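2 protein chains.
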Amino acid sequence: MDPSSLATKALRAPGRRRASVPEATVARLPLYLRALHVLAEDGHRTVSSEALAEAAGVGSAKLRKDLSHLGSYGTRGVGYDVTNLVEQISAELGLEHRCSVVLVGVGNLGRALAGYGGFASRGLAIDALLDADRSRVGEVIAGLTVQHVDDLPQVVSTGSIGVIATPGAAAQEVCDLLVGAGVTSILNFAPTVLTVPEGVDLRKVDLSVELQILSFHEHRKAALSAAGATA
Amino acid sequence: MDPSSLATKALRAPGRRRASVPEATVARLPLYLRALHVLAEDGHRTVSSEALAEAAGVGSAKLRKDLSHLGSYGTRGVGYDVTNLVEQISAELGLEHRCSVVLVGVGNLGRALAGYGGFASRGLAIDALLDADRSRVGEVIAGLTVQHVDDLPQVVSTGSIGVIATPGAAAQEVCDLLVGAGVTSILNFAPTVLTVPEGVDLRKVDLSVELQILSFHEHRKAALSAAGATA
DNA sequence: CTGACTTTGTGCGCGCGTTCACAAGCGCGT
DNA sequence: ACGCGCTTGTGAACGCGCGCACAAAGTCAG
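Protein chains in written order, with my numbering: chain A, -17 to 213; chain B, -17 to 213.
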């Protein structure tokens, strides 16, 4: 959200009919997509915004507004065609031509990510594993052979997504390597603030941060109930 | 952010001087805390908002406003006292009395989370591992013995945080178990929409969603550069 | 063919979060 | 002791996103 937002608004072509889907909407599209897959396997041909919103855990108005941002593909009085909507969202997310995903760092977390089946849920899957530790090179994890990080330029193709699962100390170095190899979308699991040049999208997932946020809420609730008991 | 926000505003005691720290600020406090630890180890006694903001990857104005929400602990003309600020933020996050963290599901991801050192970075650490698979019970991972999920009520104490790292199909069931045992803060890694009763805070981390968001940005950038090349 | 019901699409108001810019406050050099 | 420069804290404006509520639109029954 920090440097990526300013890259998002850097365009306004006159012939462009769709005015750049809002970031908040993009973040929910994968949720809709997953809910749609479940509904499709249950045999539903169409869904109302109400039902889909329920399945995705959002409000129905929000859902309709989100979908309206990528064009109107619903039929009034009926709802949305499930398969059609799946195609539209997949197209919007760019999931039809699977861009390769390169994971750097096969420690505990990297191993788990490589073997995490949830990635492949109709979408993206990891294509290459890299590590700086030569003793790990050659190891086969989840059907993929670990390569050395020096070979990174050879395994990265244009449009690749890089995933950093290294210790924090090595994260910036690996990040620079990825950027140098042409990667413009990076997902960082290391607990470090990374700096990337403009034009590179960077998202971070910090597990300890999530726990600390929950700790805050727990702390607040405890203080509240204590205050309530005193009063 | 969805059902938790309405629980947040359910309080307005007259004597309360600090009007409930905004959610967005809470999400950044762990970042500041980590940056402060690094600065402290570098020997810094004080930090200016500019320097700390740089280290945390945010704007300096935002940082100051965030810190102002938990009382004014800076000295004008000098900056913030590092150790004092660490204490203040830790107190706000409730990190001094370490509430226990219970992890359910020791598959690939659960194993990685258990062994993930990043958790213990001056804050929270996982205290118990549970699984529904009896063949895994008794196994020792990262110094902890895996217990059966039926023993959950015994290992959960008031104020515990629950972490769900099970397959999606079991997530709701485990969630209900946690809630039934008195857990009111849950972190969900399973790719499923969970429903919890009011008063329970639920955060979710979905790895495939993150990748799909990046895929969208990559797709958009590719489309843009293609359009630019054509024009 | 018509009318009534269902569901989408969206215009508007509101609240939150971010940013700018500046006044207030504190230390320090002289 | 006194002003000078640095940094904090905050008031105000802006923009985004959310939710409500309704009109447009399409389907289905008769």
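Even for Gly, the Cβ is constructed at its ideal location relative to N, Cα and C. Note that the structure is a prediction, hence the values are computed from the model and not measured.
- Could you check the C-alpha separation between Gly125 of chain A and Leu189 of chain B for me, to the nearest Å? Our two residues, Gly125 of chain A and Leu189 of chain B, have alpha carbons roughly 20 Å apart in a direct line.
- Message: When you compare the CB positions of Glu192 of chain A and Thr166 of chain B, do they come within less than 8 Å of one another, or not?
- Response: Going by beta carbons, Glu192 of chain A and Thr166 of chain B fall outside the 8 Å limit.
- Message: Does any residue of chain B have a CB that is nearer than 8 Å to the CB of Lys203 of chain A?
- Response: It does: the Cβ of Lys203 of chain A has a partner Cβ on chain B nearer than 8 Å.
- Members of the segment 75 to 100 of chain B that neighbour chain A once the beta carbon cut-off is set at 9 Å: Hits within the stretch, in order: Leu75, Gly76, Leu77, His79, Arg80, Cys81, Val83, Gly89, Asn90, Leu91, Gly92, Arg93, Ala94, Leu95, Ala96, Gly97, Tyr98, Gly99 and Gly100.
- Message: Just to check my reading of the structure: Ala147 of chain A and Gly89 of chain A have Cβ atoms closer than 8 Å, yes? What is that Cβ distance to the nearest angstrom?
- Response: Taking 8 Å as the upper bound for CB-CB distance, Ala147 of chain A and Gly89 of chain A are in contact here, some 7 Å apart.
- Query: Mind checking Asn170 of chain B: buried by the 16 CB within 10 Å criterion, or exposed?
  - Reply: Counting C-beta atoms within 10 angstroms of its own C-beta, Asn170 of chain B has 16 or more neighbours from the protein chains shown and is therefore classed as buried.
- Query: For a contact meaning CB atoms closer than 8 Å, what does Arg185 of chain B contact in chain A?
  - Reply: Correct list: Glu192, Ile195 and Leu196.
- Message: Let me see if you follow: with CB-CB separation under 8 Å, is Leu126 of chain B close to chain A or not?
- Response: No - not a single Cβ of chain A is within 8 Å of the one on Leu126 of chain B.
- With C-beta atoms as the reference, is Ala110 of chain A less than 8 Å away from Val131 of chain A? Against a cut-off of 8 Å, the Cβ pair of Val131 of chain A and Ala110 of chain A comes out as no contact.
- Message: Below 8 Å on C-beta distance, what does Ile143 of chain B contact in chain A?
- Response: Against chain A, a Cβ distance below 8 Å from Ile143 of chain B picks out Leu193, Leu196, Ser197 and Glu200.
- Message: Taking only three categories from DSSP, how would you classify Arg16 of chain A?
- Response: Assigned with DSSP and collapsed to three states, Arg16 of chain A falls in helix.
- Under a CB-based cut-off of 8 Å, is Gly164 of chain B close to chain A? Interface residue (Cβ-Cβ distance to chain A less than 8 Å): Gly164 of chain B is not classified as such.
- Item | Close Cβ partners of Leu91 of chain B (< 8 Å) along its chain, the five nearest in sequence each way excluded | Cβ within range, chain order: Ala147 and Phe171.
- Specify whether the segment 51 to 61 of chain A and the segment 126 to 145 of chain A touch according to this definition: at least 3 beta carbon pairs, one from each stretch, less than 8 Å apart. With the cut-off at 8 Å, the segment 51 to 61 of chain A and the segment 126 to 145 of chain A do not touch.
- Message: Judging by CA-CA distance, which residue of A:Gly141, A:Val187, A:Gln194 and A:Val156 is the nearest neighbour of Val178 of chain A?
- Response: Measuring from the Cα of Val178 of chain A, the nearest candidate turns out to be A:Val156.
- What span of residues does the beta strand (DSSP E) with Val84 of chain A cover, start to end? Val84 of chain A: member of the beta strand (DSSP E) spanning Val83 to Val86, first to last residue.
- State yes or no: is the beta carbon of Pro12 of chain B nearer than 8 Å to at least one beta carbon in chain A? Yes, because at least one Cβ of chain A sits closer than 8 Å to the Cβ of Pro12 of chain B.
- Give the range of the alpha helix (DSSP H) segment to which Ala43 of chain B is assigned. Here the alpha helix (DSSP H) through Ala43 of chain B covers Ser42 to Ser50.
- Task: Please state whether DSSP places Asp24 of chain A in a helix, a strand or coil.
- Result: Reduced to three states, the DSSP call for Asp24 of chain A is coil.
- Task: Determine the direct distance from the alpha carbon of His26 of chain B to that of Thr174 of chain B, and round the result to whole angstroms.
- Result: Roughly 44 Å separates the two Cα atoms.
- Taking Cβ to Cβ, would you say Ile195 of chain B is nearer than 8 Å to Val40 of chain A? Taking 8 Å as the Cβ cut-off, Ile195 of chain B and Val40 of chain A do not qualify as a contacting pair.
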